[in-house]
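J.:
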Amino acid sequence: MKPIDIQTNANELYLDCNATTPVLPEIIQAVSHTMETVFGNPSSSHITGLKARYILDTTRQLARKIVGSQSGRLIFTSGATEGIQTAVVSAIHSAMQVAPDKRKKYLLYGATEHKAVPQALAHWNQLLGLKAELVAIPVDKQGLLDNQFIAEHVKDAAMICTMAVNNETGVIQNLRQLEETIRQHNPDVPWMVDCVQVLGKKALNLDETTIDYAPFSGHKLYGPKGIGFMAVRDSAPYTPLIIGGGQESGLRSGTENLPGIAALNALFELMLDNNNRRFHSETKLQDYRSQLVEALRSAFPSIVFNHDFERSVPTTLNFSVEGVASRDIMDVFDACQIRVSSGSACSSKVTKSFVLDAMGLEEWRSGSAIRLSFGPATRQEEITEACVRIKQAADALRNSCLIVADTNNDNDAQLDGVVQLKYDDHCCYLVIDKQAKEIAVIDPHPALAGRIENIVSCQNYQVKAVVSTSADSITSQSIELLLPILMPEQSIDEYDVFGWPQSAADSCDAVPVECEGSVIGCVSIGERRLFRIGSRNPVYVLSESTKLKSRVASDFLFTGSEAASSAYECFIGESTLICPGRDSEHHIVYTPCELNGDCRVDDGVNIPVGDTDEFWHRDDLLIVDVRERQEHVLSDIPCNAEVVNVPLTEVIQFIHSNSHLRERDIICLCRSGNRSQVVANVLKRHGFNSRHLLGGLALLSSPAA
Numbered sequence: 001m002k003p004i005d006i007q008t009n010a011n012e013l014y015l016d017c018n019a020t021t022p023v024l025p026e027i028i029q030a031v032s033h034t035m036e037t038v039f040g041n042p043s044s045s046h047i048t049g050l051k052a053r054y055i056l057d058t059t060r061q062l063a064r065k066i067v068g069s070q071s072g073r074l075i076f077t078s079g080a081t082e083g084i085q086t087a088v089v090s091a092i093h094s095a096m097q098v099a100p101d102k103r104k105k106y107l108l109y110g111a112t113e114h115k116a117v118p119q120a121l122a123h124w125n126q127l128l129g130l131k132a133e134l135v136a137i138p139v140d141k142q143g144l145l146d147n148q149f150i151a152e153h154v155k156d157a158a159m160i161c162t163m164a165v166n167n168e169t170g171v172i173q174n175l176r177q178l179e180e181t182i183r184q185h186n187p188d189v190p191w192m193v194d195c196v197q198v199l200g201k202k203a204l205n206l207d208e209t210t211i212d213y214a215p216f217s218g219h220k221l222y223g224p225k226g227i228g229f230m231a232v233r234d235s236a237p238y239t240p241l242i243i244g245g246g247q248e249s250g251l252r253s254g255t256e257n258l259p260g261i262a263a264l265n266a267l268f269e270l271m272l273d274n275n276n277r278r279f280h281s282e283t284k285l286q287d288y289r290s291q292l293v294e295a296l297r298s299a300f301p302s303i304v305f306n307h308d309f310e311r312s313v314p315t316t317l318n319f320s321v322e323g324v325a326s327r328d329i330m331d332v333f334d335a336c337q338i339r340v341s342s343g344s345a346c347s348s349k350v351t352k353s354f355v356l357d358a359m360g361l362e363e364w365r366s367g368s369a370i371r372l373s374f375g376p377a378t379r380q381e382e383i384t385e386a387c388v389r390i391k392q393a394a395d396a397l398r399n400s401c402l403i404v405a406d407t408n409n410d411n412d413a414q415l416d417g418v419v420q421l422k423y424d425d426h427c428c429y430l431v432i433d434k435q436a437k438e439i440a441v442i443d444p445h446p447a448l449a450g451r452i453e454n455i456v457s458c459q460n461y462q463v464k465a466v467v468s469t470s471a472d473s474i475t476s477q478s479i480e481l482l483l484p485i486l487m488p489e490q491s492i493d494e495y496d497v498f499g500w501p502q503s504a505a506d507s508c509d510a511v512p513v514e515c516e517g518s519v520i521g522c523v524s525i526g527e528r529r530l531f532r533i534g535s536r537n538p539v540y541v542l543s544e545s546t547k548l549k550s551r552v553a554s555d556f557l558f559t560g561s562e563a564a565s566s567a568y569e570c571f572i573g574e575s576t577l578i579c580p581g582r583d584s585e586h587h588i589v590y591t592p593c594e595l596n597g598d599c600r601v602d603d604g605v606n607i608p609v610g611d612t613d614e615f616w617h618r619d620d621l622l623i624v625d626v627r628e629r630q631e632h633v634l635s636d637i638p639c640n641a642e643v644v645n646v647p648l649t650e651v652i653q654f655i656h657s658n659s660h661l662r663e664r665d666i667i668c669l670c671r672s673g674n675r676s677q678v679v680a681n682v683l684k685r686h687g688f689n690s691r692h693l694l695g696g697l698a699l700l701s702s703p704a705a
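FYI, in the UniProt record's numbering the residues of the sequence shown are 1 to 705.
(1) Classify A698: buried if its beta carbon has 16 or more other beta carbons within 10 angstroms, exposed otherwise.
(2) Can you tell me whether S69 is buried or exposed? The criterion is at least 16 other CB atoms within 10 Å of its CB, across all chains shown.
(3) Going along the chain, which unbroken runs of the beta strand (DSSP E) with 3 or more residues stay wholly within the segment 138-183?
(4) In the DSSP output, which residue or residues are listed as bridge partners for P512?
(5) How many angstroms separate the CA atom of P138 from the CA atom of D357?
(6) Could you tell me the boundaries of the alpha helix (DSSP H) in which N265 lies?
(7) What distance in whole Å lies between the Cβ atoms of Q653 and V418, which are believed to be in contact at a cut-off of 8 Å?
(8) Going by alpha carbons, who is nearest to P187 out of D194, N174, I211?
(9) So what's Q462 in DSSP terms, helix, strand or just coil?
(10) Identify every residue that forms a DSSP beta bridge with C522.
(11) Please identify the residue among V646, K434, L264, L448 whose C-alpha is closest to the C-alpha of V626.
(12) Since V646 is in the alpha helix (DSSP H), which residue starts that stretch and which ends it?
(13) Measure the alpha-carbon distance for R64 versus W124 and round it to whole angstroms.
(14) Pull the bridge partners of T77 from the DSSP assignment, please.
(15) Select from Q459, K201, G218 the residue whose C-alpha is nearest the C-alpha of Q414.
(16) Would the segment 161-179 count as touching the segment 194-203 if we require 3 or more Cβ pairs under 8 Å?
(17) Examine the Cβ distances between the segment 559-571 and the segment 515-533 and report whether three or more of them are shorter than 8 Å.
(18) Tell me the DSSP secondary structure of H692 in three-state form.
(19) So, under 8 Å CB-CB, I479 and S468 are touching, yes? Tell me the CB distance rounded to an integer number of Å.
(20) Helix, strand or coil, according to DSSP, for D619 in the structure here?
(21) Quick one: what does DSSP say R339 is sitting in, helix, strand or coil?
(22) Evaluate E642 with the Cβ neighbour count: other Cβ atoms within 10 Å of its Cβ, from every protein chain shown; 16 or more gives buried, anything less gives exposed.
(23) Alpha carbon to alpha carbon, how far is E544 from S503? Give it in angstroms, no decimals.
(24) Please classify P638 as buried or exposed, where buried requires at least 16 other C-beta atoms within 10 Å of its C-beta.
(25) Considering only C-alpha positions, which residue in the set H660, D424, T59 is nearest to A30?
(26) In or out: residue 706 buried (at least 16 other Cβ within 10 Å) or exposed?
(27) Give the DSSP-derived three-state secondary structure of I442 in the structure shown.
(28) Do G223 and L264 have their beta-carbon atoms positioned less than 8 Å apart in this structure?
(29) Taking one C-beta from the segment 86-106 and one from the segment 271-279 each time, how about it: are there three or more such pairs within less than 8 Å?
(30) Quick check on DSSP: helix, strand or coil for R582?
(31) Taking the alpha helix (DSSP H) that F354 belongs to, which residues open and close that run?
(32) Within a Cβ cutoff of 7 Å, which residues of the same chain sit near I27, ignoring the five residues on either side of it in sequence?
(33) Exposed or buried, which one is L127 when buried takes at least 16 other CB atoms within 10 Å?
(34) Determine the closest residue to Y14 out of K104, D619, T384, with distance taken between C-alpha atoms.
(35) Look at L648 and V678 and say whether their C-beta atoms are less than 8 Å apart.
(36) Per DSSP, what are the beta-bridge partners of S565 in this structure?
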């Protein structure tokens, strides 16, 4: 697939503008025209070069007007990250010019800064040998920097870094108050302010401040990626980060990105034009926010917003829904064609928000945080449609028991058998008998407690046991948390430290056929039996249906993360599936041969993105949609093949129940290709003929499209 083959979804609602923005038509036109017509090198002295130089010079003049910086240096960069690096190198190099015993000992930065800042400070501090201590300035619950802390530390600082507007919460720092504190205690300390998220949202007049470095990025305000600029105060120390060629008056070498600079030119013209209808007033943006807030509160009654609207730009909303992980919300929004993010897009693999952690908010808010952000050019029809789709997304979550309501369509009523829930690499298992309306929980985690409670409440299950394979603090906390909620009629004294009920019979009406010894009672879940093996670091065996049998096969073995294999190996039959307590490498479930290293599996499961003809026309394929059920019900997969929905949580039971599908040609599919690759590899290891589609639905377009 070529880049020009990738298309935007026609009905996409893009509400992740703090990550990046679409490029406006006027800016695209300026870029295209410059690339086609004004292609000269601005350093060339001939007429073609002079035309290019004109774009460079006029854009610099416009930039000065936009940020209120008529004095000092204004330098074009590749973006804010380069500007941050340049500021840090300049400040640290300057600090190195004094005797070692007189050097300042701190590098200060806000605890909620973009990660580019502390990582740049750490990198250049080590590389240049300043050996200063990196110190994070605390923030309060509103995300505002601690001025008293600054006052106590800035006098010993070689540099201080703050930001104008936070990229996750939209919180606005009081730059005037910060300036008073900083300059009162250290008039000469180099001060950098990350201005990326303030451009186009709040007025700036840098000449009225003593900010030394102010980096900006074009792609955060409808420009292309790879272009930015930074303002540098005349008196600020400056060391070029890139040298060789003398461009930008020797301040930043390398042939200028003229198409990108032309894009900034078009952007600045729009910003300075009082009659332009592209960018809305702050009042209009606040109205947009109010509409979205009303829709979100209606859709999610338990929603909590993680910032004070009075102290935030109106274009950013950061919220959490208790009991629902940010990934679940983000996935279902994506299925509704709403693009949002969980925290910062630059840290999308992180399960929690370090910004909300720094603000001292509850852990569940950090783990459930969603950032919804729009821009000054967002249209009313986009906001209106977003409000409609927010309700659709909430309905899908509610119907999947991720949100409990008075009525449910019970998409999760299909759950039956073994369900795997994960938090980081911790594995929790639900053993569900749909017909009997019974459930057992193995190795819960506090972060999953809300999800488990929702499933039990939504389906009105009778909880037969909440047990663990370890007595560590996390598991003990989970047992103590869940037992009173899920089994309120029982006393905590009726269970041991692992949650195993004292009433579980020492002898059961059935025993595992593989190994009869060492069974310490059993709990019935429908027609199955959950056997406990061992008194210390116990493991659990889930049998096949008893159906009047006295000897039953072991279908599943829950090993935990601490028990030695010798404690349970005799319970492993040929078809037993081994469910681990930890799973950092996404194996999901093991076969007996994997434990002794006898398996040989071909791991070639990738289907190139452009090689999809068979996907559309073959009706003998089995398409395994591994998205969560709430995503699956919101968007169809247009193909001739049979499609089944098997979320990651249900893969173990699918493997156990569908050995007859091992001869079918299976293609796994998800939103991005990440989950489908995991499932395709798991199925392949368990004998299925499975592949997956690289790039997933995000890159898949039908022939008709």
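A virtual CB, placed ideally from N, CA and C, is assigned to each residue, including glycine.
T.: Inspection of the coordinates gives the following:
(1) The residue you call residue 698 lines up with position 698 of the sequence shown. When all chains shown are included, A698 counts as exposed.
(2) Counting from one through the sequence shown, the residue named residue 69 turns up at place 69. When all chains shown are included, S69 counts as buried.
(3) 157-163
(4) Start at 1 with the first residue of the sequence shown, and residue 512 comes out as number 512. In the DSSP output, where bridge partners are listed per residue, P512 has V552.
(5) Residue numbering aside, residue 138 sits at position 138 when the sequence shown is read from its first letter. Residue numbering aside, residue 357 sits at position 357 when the sequence shown is read from its first letter. Looking at the two C-alpha atoms, the distance is approximately 11 Å.
(6) Taking the sequence shown and counting its residues from 1, one reaches residue 265 at position 265. It spans 258-272 - the alpha helix (DSSP H) in which N265 sits, taken as one unbroken run.
(7) Residue 418 sits at position 418 when you count from the first residue of the sequence shown. Residue 653 sits at position 653 when you count from the first residue of the sequence shown. The pair is a contact, with the Cβ atoms about 5 Å apart (cut-off 8 Å).
(8) To locate residue 187, count along the sequence shown from 1; it is residue 187. Here the closest residue by C-alpha is I211.
(9) Stepping through the sequence shown from its first residue, residue 462 is reached at position 462. Three-state DSSP puts Q462 in a strand.
(10) Sequence index remark: in the sequence shown, residue 522 carries index 522 (1-based). Paired residue(s): F531.
(11) As a position in the sequence shown, residue 626 is number 626, starting the count at 1. Among V646, K434, L264, L448, the Cα nearest to that of V626 is on V646.
(12) Along the sequence shown, one-based indexing puts residue 646 at 646. Element bounds for V646: n/a, residue is neither H nor E.
(13) Stepping through the sequence shown from its first residue, residue 64 is reached at position 64. Stepping through the sequence shown from its first residue, residue 124 is reached at position 124. Between R64 and W124, the C-alpha separation is close to 29 Å.
(14) In the sequence shown, residue 77 corresponds to position 77, counting from 1. The partner list for T77 (beta bridge, DSSP) reads G228.
(15) Residue 414 sits at position 414 when you count from the first residue of the sequence shown. Of the candidates Q459, K201, G218, the one whose C-alpha sits nearest the C-alpha of Q414 is Q459.
(16) yes
(17) yes
(18) For the purposes of this step, residue 692 is taken as residue 692 along the sequence shown, with counting starting at 1. Strand, per DSSP.
(19) Working through the sequence shown from its first residue, we reach residue 479 at position 479. Working through the sequence shown from its first residue, we reach residue 468 at position 468. Going by Cβ atoms, the distance from I479 to S468 rounds to 6 Å, so yes, they are a contact pair.
(20) As a position in the sequence shown, residue 619 is number 619, starting the count at 1. Three-state result, D619: coil.
(21) Looking up residue 339 in the sequence shown gives position 339. Strand.
(22) The residue labelled residue 642 in the question sits at position 642 within the sequence shown. By the neighbour-count rule (16 or more Cβ atoms within 10 Å), E642 is not buried but exposed.
(23) Working through the sequence shown from its first residue, we reach residue 503 at position 503. Working through the sequence shown from its first residue, we reach residue 544 at position 544. If you take the alpha carbons of S503 and E544, they lie about 22 Å apart.
(24) As a position in the sequence shown, residue 638 is number 638, starting the count at 1. Exposed.
(25) By one-based count along the sequence shown, residue 30 stands at place 30. Cα-wise, what sits closest to A30 is T59.
(26) Nothing can be reported for residue 706, as the shown portion of the chain is limited to 1 through 705.
(27) Position 442 of the sequence shown, counted from the start, is the residue given in the question as residue 442. I442: strand per DSSP, three-state reduction.
(28) Position 264 of the sequence shown, counted from the first residue, corresponds to residue 264. Position 223 of the sequence shown, counted from the first residue, corresponds to residue 223. Yes, these two residues count as a Cβ contact at 8 Å.
(29) no
(30) Here residue 582 corresponds to residue number 582 of the sequence shown, with the count starting at 1. In the structure shown, R582 sits in a strand (DSSP, three-state: E or B).
(31) Counted from its first residue, the sequence shown places residue 354 at position 354. Here the alpha helix (DSSP H) through F354 covers 354-358.
(32) Stepping through the sequence shown from its first residue, residue 27 is reached at position 27. Y222, G223, A263, A266, L267.
(33) Your numbering for residue 127 matches position 127 in the sequence shown. So L127 ends up on the exposed side.
(34) Start at 1 with the first residue of the sequence shown, and residue 14 comes out as number 14. For Y14, the nearest C-alpha among the options comes from T384.
(35) Your numbering for residue 648 matches position 648 in the sequence shown. Your numbering for residue 678 matches position 678 in the sequence shown. Yes, these two residues count as a Cβ contact at 8 Å.
(36) Residue 565 sits at position 565 when you count from the first residue of the sequence shown. Bridge partners of S565: none, in fact.
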